[in-house]
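**Q**
Number of protein chains: 2
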Amino acid sequence: MTTGFKSTDWKNLNFAIVGLGLIGGSFAKALRRLHVRSIIGIDIDDNVLTAAKNQGIIDVPLKVAGEEIRQADVVICALYPEAVIKFVKDSIGFLKEGVLLTDVSGIKKNLPFEVQLLLRPGMEFISGHPMAGRQGSGLDMSDGTIFQGANYIVIPEKHNSEEVIKWLETLAMALGCKHTTRISPEEHDSIIAYTSNLPHIAAVALIDSDSFSEKTKYFIAGSFRDGTRVADINEELWSSLFLANKDRVADEVDKYMEQLQLWSIALRAGDIDSLKDFMRKAATRRKELY
Amino acid sequence: MTTGFKSTDWKNLNFAIVGLGLIGGSFAKALRRLHVRSIIGIDIDDNVLTAAKNQGIIDVPLKVAGEEIRQADVVICALYPEAVIKFVKDSIGFLKEGVLLTDVSGIKKNLPFEVQLLLRPGMEFISGHPMAGRQGSGLDMSDGTIFQGANYIVIPEKHNSEEVIKWLETLAMALGCKHTTRISPEEHDSIIAYTSNLPHIAAVALIDSDSFSEKTKYFIAGSFRDGTRVADINEELWSSLFLANKDRVADEVDKYMEQLQLWSIALRAGDIDSLKDFMRKAATRRKELY
Numbered sequence: 023m024t025t026g027f028k029s030t031d032w033k034n035l036n037f038a039i040v041g042l043g044l045i046g047g048s049f050a051k052a053l054r055r056l057h058v059r060s061i062i063g064i065d066i067d068d069n070v071l072t073a074a075k076n077q078g079i080i081d082v083p084l085k086v087a088g089e090e091i092r093q094a095d096v097v098i099c100a101l102y103p104e105a106v107i108k109f110v111k112d113s114i115g116f117l118k119e120g121v122l123l124t125d126v127s128g129i130k131k132n133l134p135f136e137v138q139l140l141l142r143p144g145m146e147f148i149s150g151h152p153m154a155g156r157q158g159s160g161l162d163m164s165d166g167t168i169f170q171g172a173n174y175i176v177i178p179e180k181h182n183s184e185e186v187i188k189w190l191e192t193l194a195m196a197l198g199c200k201h202t203t204r205i206s207p208e209e210h211d212s213i214i215a216y217t218s219n220l221p222h223i224a225a226v227a228l229i230d231s232d233s234f235s236e237k238t239k240y241f242i243a244g245s246f247r248d249g250t251r252v253a254d255i256n257e258e259l260w261s262s263l264f265l266a267n268k269d270r271v272a273d274e275v276d277k278y279m280e281q282l283q284l285w286s287i288a289l290r291a292g293d294i295d296s297l298k299d300f301m302r303k304a305a306t307r308r309k310e311l312y
Numbered sequence: 023m024t025t026g027f028k029s030t031d032w033k034n035l036n037f038a039i040v041g042l043g044l045i046g047g048s049f050a051k052a053l054r055r056l057h058v059r060s061i062i063g064i065d066i067d068d069n070v071l072t073a074a075k076n077q078g079i080i081d082v083p084l085k086v087a088g089e090e091i092r093q094a095d096v097v098i099c100a101l102y103p104e105a106v107i108k109f110v111k112d113s114i115g116f117l118k119e120g121v122l123l124t125d126v127s128g129i130k131k132n133l134p135f136e137v138q139l140l141l142r143p144g145m146e147f148i149s150g151h152p153m154a155g156r157q158g159s160g161l162d163m164s165d166g167t168i169f170q171g172a173n174y175i176v177i178p179e180k181h182n183s184e185e186v187i188k189w190l191e192t193l194a195m196a197l198g199c200k201h202t203t204r205i206s207p208e209e210h211d212s213i214i215a216y217t218s219n220l221p222h223i224a225a226v227a228l229i230d231s232d233s234f235s236e237k238t239k240y241f242i243a244g245s246f247r248d249g250t251r252v253a254d255i256n257e258e259l260w261s262s263l264f265l266a267n268k269d270r271v272a273d274e275v276d277k278y279m280e281q282l283q284l285w286s287i288a289l290r291a292g293d294i295d296s297l298k299d300f301m302r303k304a305a306t307r308r309k310e311l312y
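Here the protein sequences line up with chains A and B, keeping their order.
Under the numbering used here, residues 23 to 312 are what the first sequence spells out, in order.
Under the numbering used here, residues 23 to 312 are what the second sequence spells out, in order.
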């Protein structure tokens with residue numbers, strides 16, 4: 023094959039990015055720094071396409087899959103999980119032989135497997151995503167530096183060649199990531215339920231408490247600010263992510279409540295030794311992480 | 023009275039700061055910027071006293087209450103609640119007539135009332151604290167800018183004169199605060215249980231979850247980092263604060279669990295409408311706060 027998708031000669035590669043939201047826009051901006059040959063931007067919103075083109079983030083704006091994406095050596099799907107499948111179905115007739123597809127979905131389930139089934143021989147889909155993000159949503163909030171220092175998760179399936187797995191890892195490092203991790207889709211969703219889904223729910227529940235009042239704003243400092251930072255949440259995206267992983271997420275919420283129940287009991291009992299044990303364990307873990 | 027403690031002519035006032043930890047050190051640094059006449063620093067740790075003196079944060083280092091504090095027009099007790107009482111008992115014989123005392127305890131209970139009972143006529147204790155803080159503890163972590171833009175809580179008791187209440191509010195604004203709030207000790211402790219105590223417990227419980235593993239570090243991004251920022255906690259200080267307010271804090275933990283229980287149920291039921299309702303409420307509240 024001479025399709026070149028395994029090349030890491032970025033200057034000779036044409037990329038297509040589907041979905042110019044926070045993550046898609048960030049990919050486009052970071053790829054610009056790699057001086058890739060061209061970036062095709064695909065989005066259903068005309069205003070977003072126009073903005074991305076005017077800001078020089080993309081070269082070719084495209085509203086629906088069409089002949090133009092035959093140029094793409096690599097297609098990055100920065101869409102909700104269910105939209106990835108639809109996009110691949112709609113565009114399969116236009117994709118070049120040997121195209122490499124990847125996604126950035128926060129929850130994987132059967133997605134990598136299902137997408138690969140739709141592809142023709144020579145085409146390969148590999149799943150991954152950066153452990154990065156920031157508040158807000160949309161192209162305006164995108165930032166090419168979100169990859170800097172982040173970990174990139176690569177989720178290979180049986181159909182993936184070692185060459186393609188390594189290619190994605192090389193791209194991640196080129197974008198600025200400092201580490202890559204390979205993991206199965208099942209383990210991915212299980213870990214993410216704790217490390218990403220749960221913290222969002224913890225923040226939302228904290229600010230949703232019945233104790234919130236008009237006076238709250240005068241009595242908050244860093245702990246409340248940090249603990250509720252992600253409570254300004256994109257409900258469409260996150261309800262999709264939570265439900266795609268709902269049993270694992272519910273299990274994590276229940277495990278979190280087990281810890282809180284220990285606190286409630288120890289507080290009412292005035293059990294200072296237990297409180298200190300909880301805090302010592304937490305402080306040790308936090309120091310080791312950062 | 024000509025004791026001058028109600029003066030806001032900072033250049034002519036002598037301050038004593040008891041406890042040169044994170045908050046005491048921050049007060050000393052911020053008072054320096056007001057060019058107060060002198061700062062007496064009192065701490066049980068010789069190393070801390072030497073460091074504070076060498077760094078120019080204090081003028082007079084003092085290990086125990088003694089004749090030197092008769093100079094002080096204002097005494098700021100930056101100690102654990104129980105230590106405030108002990109300090110006042112030990113130092114009462116050395117304090118000048120007309121001295122003004124204040125504290126920065128995060129939990130108030132009967133403290134303002136009990137301290138005032140120990141004082142001689144002409145002396146006044148007024149309770150308050152900045153809604154500010156930062157990670158870590160100790161003089162090394164202190165920062166004179168923590169008052170910038172913060173709210174200062176003033177907790178007057180019946181014994182407090184309007185003049186002294188206003189004096190503390192004026193000092194807070196001079197230190198850089200943007201707002202002051204007057205509140206009773208009971209309401210203070212009740213609100214703080216939600217806005218400060220609970221976020222610390224939420225962070226500790228999040229990182230203490232049984233789901234934490236060796237792999238966690240590769241799968242965390244902003245939401246986990248922010249949600250556990252205060253989990254690196256000073257167990258001595260916080261066990262004291264939690265227990266001083268334990269029933270209210272336990273009630274807040276229980277209310278928090280009620281919200282989380284709603285999440286657990288809605289997730290298992292695949293109830294997307296409820297999930298969106300929770301998130302919409304949270305996002306609205308968060309946007310209004312910041």
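Heads up, the beta-carbon is just placed ideally off N, CA and C, and yes, glycines get one too.
Specify the secondary structure class of T25(B) as computed by DSSP and reduced to three states.
**A** Since pLDDT at T25(B) reaches only 46, below the 50 mark, its modelled position is unreliable, and the value read off the structure follows with that caveat. If DSSP states are grouped into helix, strand and coil, T25(B) belongs with coil.
**Q** So the beta strand (DSSP E) E146(A) belongs to, where does it begin and stop?
**A** Segment E146 to P152, the beta strand (DSSP E) holding E146(A).
**Q** Under 8 Å Cβ to Cβ from N132(B), same chain only, skipping five residues before and after it: list those, please.
**A** So the qualifying residues of the chain are P207.
**Q** Taking Cβ to Cβ, would you say K261(B) is nearer than 7 Å to I129(A)?
**A** The sequence shown places Ser at residue 261(B), not Lys. Against a cut-off of 7 Å, the Cβ pair of I129(A) and S261(B) comes out as no contact.
**Q** Using a Cβ-Cβ cutoff of 9 Å, what residues of the stretch 44-69 of chain A are near chain B? List them in chain order.
**A** Those would be none; no residue qualifies.
**Q** Take Q170(A) and list the residues in its own chain whose beta-carbon comes closer than 7 Å to its own, dropping the five residues that flank it on each side.
**A** If we look at Q170(A) and ignore the five residues flanking it on each side, its Cβ neighbours are G198.
**Q** State the start and end residues of the unbroken alpha helix (DSSP H) segment that holds R55(A).
**A** First-last of the alpha helix (DSSP H) with R55(A): L44 to R55.
**Q** So who's on the other strand from A38(A), going by DSSP bridges?
**A** Answer by DSSP bridge pairing, in chain order: I62(A) and V97(A).
**Q** According to DSSP, D276(A) sits in a beta bridge with which residue or residues?
**A** D276(A) pairs with nothing; no bridge assigned.
**Q** List the residues of chain B whose Cβ lies closer than 9 Å to the Cβ of E274(A), in chain order.
**A** Chain B residues near E274(A): S231 and S233.
**Q** Inspect the beta-carbon positions of A253(A) and A225(A) and report whether they are closer than 7 Å.
**A** Against a cut-off of 7 Å, the Cβ pair of A225(A) and A253(A) comes out as a contact.
**Q** Any Cβ of chain A within less than 7 Å of the Cβ of L161(B)?
**A** Judged by the 7 Å Cβ criterion, L161(B) is not in contact with chain A.
**Q** Examine chain A for any beta-carbon lying closer than 7 Å to the beta-carbon of N34(B), and answer yes or no.
**A** Output row for N34(B): interface = no.
**Q** Using only alpha-carbon positions, find the residue among C99(B), A243(B), A215(B) and I187(B) that is nearest to N173(A).
**A** N173(A) has its Cα closest to that of A243(B), out of C99(B), A243(B), A215(B) and I187(B).
**Q** Quick check: what's the CA-CA separation for G120(B) versus S113(B)?
**A** Roughly 14 Å separates the two Cα atoms.
**Q** Is L101(B) closer than 7 Å to A40(B) when the C-beta atoms are compared?
**A** Correcting the residue type first, residue 40(B) is Val in the shown sequence and not Ala. Yes, Cβ-Cβ distance for V40(B) and L101(B) is below 7 Å.
**Q** For F264(B), which residues from the same chain have a beta carbon less than 7 Å from its beta carbon, with the 5 sequence-adjacent residues on both sides left out?
**A** Excluding sequence neighbours, F264(B) sits near N219 and V271.
**Q** Are the stretch 181-188 of chain B and the stretch 85-103 of chain B touching by the rule of at least three beta carbon pairs closer than 8 Å?
**A** Output reads no: the stretch 85-103 of chain B does not touch the stretch 181-188 of chain B.
**Q** Return the first residue and the last residue of the beta strand (DSSP E) that D248(B) is part of.
**A** No beta strand (DSSP E) contains D248(B), which is instead part of the alpha helix (DSSP H) from G244 to G249.
**Q** Less than 7 Å between the beta carbons of S22(B) and L44(B), yes or no?
**A** Outside the displayed span of chain B (23 to 312) sits residue 22(B), for which this structure offers no information.
**Q** Count the CB pairs spanning the stretch 83-97 of chain A and the stretch 62-72 of chain A that are closer than 8 Å, and state whether there are at least three.
**A** Segments in contact, yes.
**Q** Counting Cβ pairs closer than 8 Å, one from the stretch 207-217 of chain A and one from the stretch 231-251 of chain B, do we hit at least three?
**A** Taking 8 Å as the limit for Cβ pairs, the verdict is that the stretch 231-251 of chain B does touch the stretch 207-217 of chain A.
**Q** Within the same chain, show all residues whose beta-carbon is closer than 7 Å to that of A266(B), passing over the 5 residues directly before and after it, in chain order.
**A** If we look at A266(B) and ignore the five residues flanking it on each side, its Cβ neighbours are P103, I129 and K131.
**Q** If you run the structure through DSSP and keep just helix, strand and coil, what is V126(B)?
**A** V126(B) falls in the coil class under three-state DSSP.
**Q** Are the C-beta atoms of E236(A) and some chain B residue less than 7 Å apart?
**A** Judged by the 7 Å Cβ criterion, E236(A) is not in contact with chain B.
**Q** Kindly indicate the opening and closing residues of the alpha helix (DSSP H) around V110(B).
**A** First-last of the alpha helix (DSSP H) with V110(B): P103 to S113.
**Q** Following a CB-centred definition, is D125(A) positioned closer than 6 Å to any heavy atom of the ligand MG?
**A** Ligands are entirely absent from the displayed structure, and the ligand MG is therefore not among its contents.
**Q** Could you pull out every unbroken beta strand (DSSP E) segment of at least 3 residues lying fully inside the stretch 182-212 of chain A, listed in chain order?
**A** Listed in chain order, the complete beta strand (DSSP E) runs (minimum 3 residues) inside the stretch 182-212 of chain A are 201-204.
**Q** Taking Cβ to Cβ, would you say K268(B) is nearer than 7 Å to L282(A)?
**A** Cβ distance not < 7 Å, so K268(B) and L282(A) don't count as in contact.
**Q** Could you name the residues of the stretch 288-302 of chain A whose beta carbon sits closer than 7 Å to any beta carbon of chain B, in the order they occur along the chain?
**A** The residues in question are L289, R290, G292, I294, L297, K298, F300, M301 and R302.
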